[in-house]
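Take a look at the structure set out below.
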Amino acid sequence: MKAFLVNVSEFLVSFLWLFGIHGANVVSGVMMPIWLTALNQNHAAFTAGKALPNIVTTSFFDNFVHMGGSGATIGLAMLLVFAAKSKELKTLGKLVAGPALFNINEPIVFGLPIVMNYKMAVPFILTPLINVTTTYVSMAAGWVARPMGVYIPWTTPPVLSGFIATGHISGSILQIVNIVLDTLMYFYFFKSMDKDKLAEELGQTKVAGK
Numbered sequence: 001m002k003a004f005l006v007n008v009s010e011f012l013v014s015f016l017w018l019f020g021i022h023g024a025n026v027v028s029g030v031m032m033p034i035w036l037t038a039l040n041q042n043h044a045a046f047t048a049g050k051a052l053p054n055i056v057t058t059s060f061f062d063n064f065v066h067m068g069g070s071g072a073t074i075g076l077a078m079l080l081v082f083a084a085k086s087k088e089l090k091t092l093g094k095l096v097a098g099p100a101l102f103n104i105n106e107p108i109v110f111g112l113p114i115v116m117n118y119k120m121a122v123p124f125i126l127t128p129l130i131n132v133t134t135t136y137v138s139m140a141a142g143w144v145a146r147p148m149g150v151y152i153p154w155t156t157p158p159v160l161s162g163f164i165a166t167g168h169i170s171g172s173i174l175q176i177v178n179i180v181l182d183t184l185m186y187f188y189f190f191k192s193m194d195k196d197k198l199a200e201e202l203g204q205t206k207v208a209g210k
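Rendered as structure tokens:
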């Protein structure tokens with residue numbers, strides 16, 4: 001599959017979510033037949049003992065790009081859990097931790113929120129595109145095993161899903177690398193929002209104390 005089409009597909013997933021439209025469902029409604037065909041071709045090659053022909057399959061997106069959900073928000077979830085200073089974001093972190101582990105991010109998308117939030121639009125769009133690049137390049141170069149054609153539920157937690165999808169520890173290592181990059185990508189924008197929330201809370205406390 002052409003790299004341009006892959007990036008356009010991923011851009012649309014995140015872009016539509018910014019307006020409250022389930023981008024993954026919209027895009028997969030068009031692209032899923034192609035991705036599943038690629039997955040089945042890999043499975044046939046794997047069972048025949050041949051080289052796996054495809055990199056971009058359903059596993060490519062579900063298990064390596066959308067970790068934490070659309071927008072690759074698992075890094076943002078980790079920041080909410082471990083780095084938030086404002087009371088509001090600390091509370092949100094407790095709510096999003098469990099779902100994010102299973103790649104469910106509606107609590108973040110609507111709770112932070114990300115929908116209609118221009119401050120979070122940049123990392124929400126760029127972070128999964130970074131995952132697309134690192135995953136494609138590492139698999140094309142042979143550093144990471146390609147998805148071997150086994151369909152992995154998208155709710156399977158990262159690190160575990162990478163190993164099952166590729167049958168190799170390199171899949172898990174790639175996921176860890178992507179998670180680190182995702183966290184770094186969201187860090188500045190998260191800190192800016194957390195700072196604003198903290199200042200707002202301190203202001204409300206001062207007003208209440210008068």
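Be aware that the sequence shown starts at 1, since it is given in full-length UniProt numbering, and climbs by one per residue.
Every residue, glycine too, gets a C-beta built ideally from N, C-alpha and C.
For clarity, every value in this text was computed on a predicted model and none was experimentally measured.
Between the region 53-64 and the region 25-45, the count of C-beta pairs closer than 8 Å reaches three or more; the two stretches touch.
The three-state secondary structure of residue 127, taken from DSSP, is helix. With three or more CB-CB distances shorter than 8 Å, the region 128-143 counts as touching the region 170-180. The alpha-carbon separation between residue 101 and residue 146 amounts to approximately 23 Å. DSSP, read as helix, strand or coil, puts residue 21 in coil. Positions of the alpha helix (DSSP H) runs, each at least 4 residues long and wholly inside the region 122-208, are given as 160-166 in order along the chain. In this structure, the beta-carbon distance from residue 77 to residue 71 does not fall below 7 Å. According to the DSSP assignment, residue 51 belongs to no alpha helix (DSSP H), since it is labelled neither H nor E. One alpha carbon belongs to residue 19, the other to residue 115, and they sit about 6 Å apart. Residue 102 carries a coil assignment under DSSP once its states are collapsed to helix, strand and coil. When the five nearest sequence neighbours on each side are left out, the beta carbons in the same chain lying within less than 7 Å of the beta carbon of residue 186 are those of 75, 76, 79, 123, 127, in order along the chain. In the structure shown, residue 115 adopts coil according to DSSP, grouped into three states. Between residue 152 and residue 63, the CB-CB gap stays under 7 Å.
In the structure shown, residue 71 adopts coil according to DSSP, grouped into three states. Going by beta carbons, residue 13 and residue 29 fall outside the 7 Å limit. Rounded to the nearest whole angstrom, the C-alpha separation of residue 171 and residue 158 is 10 Å. Between residue 150 and residue 164 a beta carbon distance of about 7 Å is seen, short of the 8 Å cut, so the two are scored as contacting. The residue among 199, 125, 193 with its C-alpha nearest the C-alpha of residue 65 is 125. Between residue 194 and residue 89, the gap from beta carbon to beta carbon is short of 7 Å.
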